[in-house]
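A.B. asks: Going letter by letter, the first sequence gives residues 13 to 871 in our numbering.
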Amino acid sequence: MQASYNPKLIEAEVQQGWNEQQKFQAKEDPAREKYYCLSMLPYPSGTLHIGHVRNYSIGDVISRFQRMQGKNVLQPMGWDAFGLPAENAAIKHAVPPAQWTRENIKQMREQLQQLGFALDWSREFATCDPDYYRWEQLMFTRLMKKGLVYNKQAEVNWDPVDQTVLANEQVIDGRGWRSGALVERREIPQWFLKITDYADELLDGLDHLPDWPEAVKTMQRNWIGRSHGAELRFQVADSDTCLEVYTTRPDTLMGATYMAVAAQHPLALEAARDNPEIAAFIEQCRHTGTAQADLDKAEKLGLDTGSKAVHPLTGELIPIWIANFVLMAYGTGAVMSVPAHDERDHAFASKYKLPIKPVVQPADGSELMADEPFIGSGVTINSGEFDGLSSAEAAAAIVARLAQQGDGRATTQYRLRDWGVSRQRYWGCPIPVIYCATCGAVPVPEEQLPVVLPEDVEFSGVVSPLKSDPSWRQTQCPQCGGAAERETDTFDTFMESSWYYARYCCPGAADMLDERADYWLPVNQYIGGIEHAIMHLLYFRFYHKLLRDCGMVHSDEPATRLLCQGMVVAETYFRKHDDGSTSWYSPTEVDVHTDGDGKRQARLLEDDQPVLIGAIEKMSKSRNNGVNPQDLVERYGADTVRLFVLFAAPPEQSLEWSDSGVEGAWRFLRRIWSGIHQHLQAGTPTQLDVAALNAEQRELRRKLHDTIAKVSDDMQRRYTFNTAIAALMELSNHLQRFDDDSAAGLAVTREAWLALIQMLHPVTPHLCTHLWPQLGGTGDIEQAGWPQVDAAARVREAIIVVIQINGKVRGKLELAPGLDQAATLAAARADQNVQRYLSDVTIRKIIHVPDKLLNLVVG
RNA sequence: GCCGAGGUGGCGGAAUUGGUAGACGCGCUAGCUUCAGGUGCUAGUGACCGCAAGGUCGUGGAGGUUCAAGUCCUCUCCUCGGCACCA
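1) Just the Cα atoms here: how many angstroms apart are C254 and P351?
2) Any idea what DSSP makes of F337, helix, strand or coil?
3) Nearest to A193 by alpha carbon, out of V469, H299, W439 and P862?
4) Pull up the distance between the alpha-carbon of S191 and that of T176, whole angstroms please.
5) Among residues of its own chain, excluding the 5 on either side of E763, which ones have a beta-carbon nearer than 8 Å to its beta-carbon?
6) Near F554, which residues of its chain fall below 6 Å by C-beta distance, leaving aside the five closest residues on each side in sequence?
7) Following the continuous alpha helix (DSSP H) through Y648, name the residue where it begins and the one where it ends.
8) So, with DSSP's three-state summary, where would you put L366?
9) Which stretch, first to last residue, makes up the beta strand (DSSP E) that contains G791?
10) Go ahead and label S16 buried or exposed: buried means 16 or more other beta carbons lie within 10 angstroms of its beta carbon, across all protein chains shown.
11) Is the distance from the Cβ of G128 to the Cβ of H778 below 7 Å?
12) Do you know how far the Cα of Q123 is from the Cα of M13?
13) Quick check: G578 and E664, are their CB atoms within less than 7 Å of each other?
14) With a CB to CB cut of under 6 Å and the five nearest residues on each side skipped, what residues in its chain are close to R515?
15) Taking 7 Å as the cut-off, decide whether the C-beta atoms of D446 and R498 are in contact.
16) Among R198, K158 and G159, which residue has its Cα nearest to the Cα of D171?
17) Quick check on L53: does DSSP put it in helix, strand or coil?
18) Along the chain, where does the alpha helix (DSSP H) containing E497 start, and where does it finish?
19) Excluding the 5 residues flanking L313 on each side, which residues of the same chain have their C-beta closer than 6 Å to its C-beta?
20) Do you know how far the Cα of Y731 is from the Cα of L617?
21) Decide if L50 is buried, meaning its Cβ has at least 16 other Cβ atoms within 10 Å, or exposed.
22) Note the first and the last residue of the continuous beta strand (DSSP E) segment covering W3.
23) If you follow the beta strand (DSSP E) that L574 is in, where does it begin and where does it stop?
24) So D419 and L244 are supposed to be a Cβ contact under 8 Å. How far apart are they, rounded?
25) With DSSP as the reference, label S873 as helix, strand or coil.
26) Runs of 3 residues minimum, wholly inside the segment 147-231: which ones carry the beta strand (DSSP E) assignment?
27) With a threshold of 8 Å on Cβ separation, who are the neighbours of T594 within its own chain once the five nearest residues in sequence on each side are excluded?
28) Enumerate in chain order the residues of its own chain whose CB-to-CB distance from T500 is below 7 Å, with the five nearest sequence positions on each side excluded.
29) So what's E664 in DSSP terms, helix, strand or just coil?
30) Is D376 near the ligand HEM, in the sense that its beta carbon is under 6 Å from a heavy atom of that ligand?
31) Just to confirm the assignment, what range does the beta strand (DSSP E) spanning E295 have?
32) Roughly how many whole angstroms lie between the Cα atoms of V228 and Y512?
33) Compare the Cα-Cα distances from G638 to each of Q621, F659, T652 and P599 and report the closest residue.
34) Give me the residue from I74, P109 and Q34 with the minimum Cα distance to G473.
35) Given Q78, which residues of its chain have a CB within under 6 Å of its CB, disregarding the five upstream and five downstream residues?
36) For V821, count neighbouring Cβ atoms within 10 angstroms of its own Cβ and tell me buried if that reaches 16, exposed if not.
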């Protein structure tokens, strides 16, 4: 064995061994328990960043830990290859999106391989492969036939200068990012998947996912937003039309003092015909982006249409307003406004001096605040015959009355909207639909799939090559054979990431999936960023149910356990220049020192002059605070990088990058190496005889077996890899301090080093694979399994019990375990410092937590 | 604006079920080792008072519950994630 640790050498050697054995190629084996560990597939943006390294290191620890438990583990990898950045790169560098994407994949694959993840590369694919997306197209045509797909008009952000549709992130302060033109909302026909048909199942299914984070389930519940309320009808005065509204608070109907409709509502458009002021207001409303946050934050504006609605209970006429915060796409595009009991209605009514009529008061009889809405439930007032009822009773009574009149009914509504899957983009999966003048929208027949996206194209960034190329577009109608045109929109890229996990199970299958999916699914452990908590993870669950209802999978949920890791952030360094500009420096160009007063100072290495330390932010190009994992791997080796990202923070928290922290990880691995080197030099151990150990040797064994218990729990149940590593560091510190070269001492040390290497193996597999045979470990470290706890070794002869007086610690006593209250009290009374607090007082109360604490309340 | 997280030494973090706050690592200080050091080793390191024994304070802020609160409750401030076309 070499005296010093050389990761470059051993990592290459160990990886070569894995490749030769095809060690991580998973094979279906019904005789073995399977374990499917899946990390979210990366978008091939160019190079790997630390966020990827973190995600895949977590997945790899879990995978390798499960392999050591004897499971048949599948850990695949692929590429989420369609998407907007490829189009942006094409515009910037004049390179076709396909070429840019495939070059990035090549580079990132090499980087992943260097990190030594236990991935089954034989199952790899990119979602832009026609062999992948053809099945997605097939699925879509099947869903069309099942009635789960429909086409309707929906709004997009329209850039009137570039004549193109913009993504929300391309709209900056209401203007197109490239043209600077004011963006308009425009309606165009788009395809939708009926996710709302599955709303109840998606909601109720969350109750059967005990191993998903509560935060994710809560966010999904709120997103689906099932509410029970009523659909009500208001007659429009002097007209034969009606306003349909939905409300969750029919008990407050008597307090409705005005109606509000969306700017695109037919009633608003009608009012605009002979009123230029209204027409101008509607035009103004078109210039907000489609993003919900923008709409919510925009000033609440409204205008009276002049029309009146008839209150269905009182017959009173109430005004109908147009309001910019009422959405046409959501619900019926109209709401009844009860300013006394709704915050937004109250603000709007106050602004436009509309009447406010309280109809509910708190059940405890407390006074209503004059200037604030009361949004809770209570008891009805000012409601005529409905007075004096609880909110629930009033709601039921009012809905019953309206139903009798034919003006309303109880309904359930969802906040969730159907999934719009059309994108007016080139670099995506073509939507397999043909438009025929006689037959309408016809799904592309199965035998004509896939509809292949042409890859060798010139892409200007304005018009999709699909739309500009008539030879691709023009085709024949599959039904009547007449001239027809292809759909030129492509799918939302969430479509590809909604079923990739299932395709990994069946590479090369002659259908979308085959029986191999039943062996591997559901995913045992899914790992990805918290930013996917709602949309991706909801579509992922939805698609699984679609696959199930098409008979392709036989479970209700795609993944049983979910881990959401936090972001990777880093400190920023900058200088302000005289011209007002700012230069951002990479952490690698800066040296940070702490002076004697604990103040941190940063200097630029290049000129040795100070730079300012900025905020800690998500790693990004604009702040230049990213760190390239490849440089780190070259300098320290993959094991050090993996160790650091797992040690620096628990997986769910954001991880702060630290160069010196990496140094610490590197030092730890070197100490392991030299410690084992010294141990091997010291001599040959005899067979371990636990009955013949001295006190120090027993103490080391106790530490070892405590550590095995802790690390096993941290890795399997808690997923706190940082504390598992800390425990291994403690054990290693003990081992280095333990200076006993006797045969028995060496035997205890050998046992500890072997177990340490086994437990560290999921984290730093190269180092541990290499050291295992050096320590005399037999066979393959992975097949040797996980170290077992020897309960007898953990028994303590003495434990520390804390003595408190009035809740303050006054003594710590080393006592035999299992003492009762009286014996513990006697021991406490014997302690000098405790005695000082017990003279001249009476003990009023004694709290005894056996083997932990004795609290004496005195006075 | 709405929904969801988070806030603990100079720094990253630990404290798993309400029971010793600060494990482990970084940084810093001192000493030793080395031809040398951006090496290695040893010791110390929350703040304040004290020669020491020991004491007081201390988990974003303000209240509360409890023998006991980082942990539970109420209010509040700040940071981050998502908000349906970034992925």
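Using N, Cα and C, we set each Cβ at its ideal position, and we do this for glycine too.
C.D. replies: Per the coordinate set shown:
1) Locating residue 254 in the first sequence gives position 242, counting from the first residue. Locating residue 351 in the first sequence gives position 339, counting from the first residue. So the alpha carbons of these two residues sit roughly 22 Å apart.
2) Counting from 1 along the first sequence, the entry for residue 337 is found at position 325. Reduced to three states, the DSSP call for F337 is coil.
3) Within the first sequence, the letter at position 181 stands for residue 193. Nearest neighbour of A193 by Cα position, chosen from V469, H299, W439 and P862, turns out to be H299.
4) Translated into the one-based positions of the first sequence, residue 191 becomes position 179. Translated into the one-based positions of the first sequence, residue 176 becomes position 164. A straight-line Cα-Cα distance of about 10 Å links S191 and T176.
5) Position 751 of the first sequence, counted from the first residue, corresponds to residue 763. Shown here for E763: same chain residues with a beta carbon closer than 8 Å to its own, the five before and five after excluded, namely L700, R713 and L716 in chain order.
6) Residue 554 sits at position 542 when you count from the first residue of the first sequence. The answer, listed in chain order, is I207 and Y210.
7) The count along the first sequence starts at 1 and reaches residue 648 at position 636. Unbroken alpha helix (DSSP H) run through Y648: P641 to Y648.
8) On the first sequence, position 354 is the one that residue 366 refers to. In the structure shown, L366 sits in coil (DSSP, three-state: anything other than H, G, I, E or B).
9) In the first sequence, the residue the question calls residue 791 occupies position 779. According to the DSSP assignment, G791 belongs to no beta strand (DSSP E), since it is labelled neither H nor E.
10) The count along the first sequence starts at 1 and reaches residue 16 at position 4. So S16 counts as exposed.
11) Here residue 128 is taken as the residue at index 116 of the first sequence, counted from 1. Here residue 778 is taken as the residue at index 766 of the first sequence, counted from 1. For the 7 Å CB-CB criterion, G128 and H778 form a contact.
12) As a first step, residue 13 is located in the first sequence; it is residue number 1 there, counting from the start. As a first step, residue 123 is located in the first sequence; it is residue number 111 there, counting from the start. When the Cα atoms are used, M13 and Q123 turn out to be separated by approximately 28 Å.
13) One-based indexing of the first sequence puts residue 578 at position 566. One-based indexing of the first sequence puts residue 664 at position 652. It is a contact, given that the beta carbons lie within the stated cut-off.
14) Position 503 of the first sequence, counting from 1, holds the residue named residue 515. Counting only residues of its own chain and dropping the five nearest sequence neighbours on each side, R515 has no CB closer than 6 Å to any other CB.
15) By one-based count along the first sequence, residue 446 stands at place 434. By one-based count along the first sequence, residue 498 stands at place 486. Note that residue 446 corresponds to Ile in the displayed sequence, not to Asp. Their beta carbons are under 7 Å apart, which means I446 touches R498 by this criterion.
16) On the first sequence, residue 171 is found 159 positions in, with the first residue counted as 1. Nearest option by C-alpha distance: R198.
17) As a working note, residue 53 is residue 41 in the first sequence. In this structure, L53 counts as coil in the three-state DSSP scheme.
18) One-based indexing of the first sequence puts residue 497 at position 485. Careful: E497 lies outside any alpha helix (DSSP H), inside the beta strand (DSSP E) at A495 to R498.
19) Position 301 of the first sequence, counted from the first residue, corresponds to residue 313. N336.
20) For the purposes of this step, residue 617 is identified with residue 605 of the first sequence, where counting begins at 1. For the purposes of this step, residue 731 is identified with residue 719 of the first sequence, where counting begins at 1. Whole-angstrom Cα-Cα distance: 39 Å.
21) Counting from 1 along the first sequence, the entry for residue 50 is found at position 38. The residue in question, L50, is buried, as its Cβ has 16 or more Cβ neighbours within 10 Å.
22) Lying before the first or after the last residue shown, residue 3 is absent from the chain, which here runs from 13 to 871.
23) Here residue 574 refers to the residue found at position 562 of the first sequence. First-last of the beta strand (DSSP E) with L574: L574 to Q577.
24) The residue you call residue 419 lines up with position 407 of the first sequence. The residue you call residue 244 lines up with position 232 of the first sequence. About 7 Å separates the two Cβ atoms, so the contact holds.
25) There is no way to answer for residue 873, as the model of the chain reaches only from 13 to 871.
26) Qualifying beta strand (DSSP E) stretches, in chain order: 161-171, 176-178 and 196-205.
27) Sequence index remark: in the first sequence, residue 594 carries index 582 (1-based). Here T594 has F586, R587 and K588 as same chain residues with Cβ atoms under 8 Å from its own Cβ, once five neighbours each way along the sequence are excluded.
28) Your numbering for residue 500 matches position 488 in the first sequence. Answer for T500: S476, L478, K479 and R485, listed in chain order.
29) If you number the first sequence from 1, residue 664 lands on position 652. The answer is coil: DSSP assigns E664 none of H, G, I, E or B.
30) The ligand HEM is absent from the structure shown, which contains no ligand whatsoever.
31) Locating residue 295 in the first sequence gives position 283, counting from the first residue. Taken as a continuous stretch (DSSP letters only), E295 belongs to no beta strand (DSSP E), being part of the alpha helix (DSSP H) at P288 to C297.
32) On the first sequence, residue 228 is found 216 positions in, with the first residue counted as 1. On the first sequence, residue 512 is found 500 positions in, with the first residue counted as 1. V228 and Y512 have their C-alpha atoms some 21 Å from each other.
33) To locate residue 638, count along the first sequence from 1; it is residue 626. Among Q621, F659, T652 and P599, the Cα nearest to that of G638 belongs to P599.
34) Residue numbering aside, residue 473 sits at position 461 when the first sequence is read from its first letter. For G473, the nearest C-alpha among the options comes from P109.
35) The sequence position of residue 78 within the first sequence is 66, counting from 1. So the list reads Y47 and V85, once near-sequence residues are dropped.
36) By 1-based counting over the first sequence, the position of residue 821 is 809. Per the 10 Å Cβ criterion, exposed.
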